[in-house]
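The structure appears right after this line, and notes come after that.
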Amino acid sequence: MFALVVRFDLKDDESAKAFDDLVAETGIEIRAHEPGTLIYATHSVEGEPLARVFYECYADREAFEAHEVQPHVIRFHKEREPYTQDARVEFLAVGPSKGLGSLNA
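If you're matching positions, the sequence shown starts at 2 in the working numbering and goes up one per residue.
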């Protein structure tokens, strides 16, 4: 399993709306075309209306690399730039967990 967390800090309310619309469009494509993407969960942050956090879990590093070259992901990375003022990516090592099925054995 390969997992990461990404935090996006958005520029303003208008950027947040456009970013959220872009995320919704991208999510449809991820669900339809990426069997190796196990979890792609997007969140707003309580008390921080211009922050978004994504939790992404892939079957393995190869599935993540396949995700990164999908046309919808390339589009997302390009089109999100005007809306974001900062992005932080943290790659994760899996520890004891619940909800990851046989992946946490």
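Yeah, the Cβ is synthetic: ideal placement off N, Cα and C, and Gly gets one too. Nothing here was measured: the structure is a model prediction, and the numbers come from that model.
| message | At the level of alpha carbons, what is the spacing between GLU47 and LEU93? | response | When rounded, the distance between both Cα atoms is 22 Å.
| said: So, at 6 Å on beta carbons, what are the nonlocal neighbours of PHE3 in its own chain, with the 5 sequence-adjacent residues on each side left out? | reply: Correct list, in chain order: TYR59, ASP61, ARG62 and PHE65.
| From what residue to what residue does the beta strand (DSSP E) around SER16 run? | That residue, SER16, is in no beta strand (DSSP E); its alpha helix (DSSP H) goes 14-34.
| said: Can you list, in chain order, the residues of its chain with a C-beta nearer than 8 Å to that of LEU11? Leave out the 5 residues immediately preceding and following it. | reply: If we look at LEU11 and ignore the five residues flanking it on each side, its Cβ neighbours are ALA17, PHE20, LEU51, ALA52, ARG53, TYR84, THR85 and GLN86.
| task | Using the Cα positions of TYR56 and ASP13, report the straight-line distance between them to the nearest angstrom. | result | Distance between the alpha carbons of TYR56 and ASP13 is about 22 Å.
| Taking the C-alpha atoms as reference points, what is the distance between ARG81 and SER98? | Between ARG81 and SER98, the C-alpha separation is close to 31 Å.
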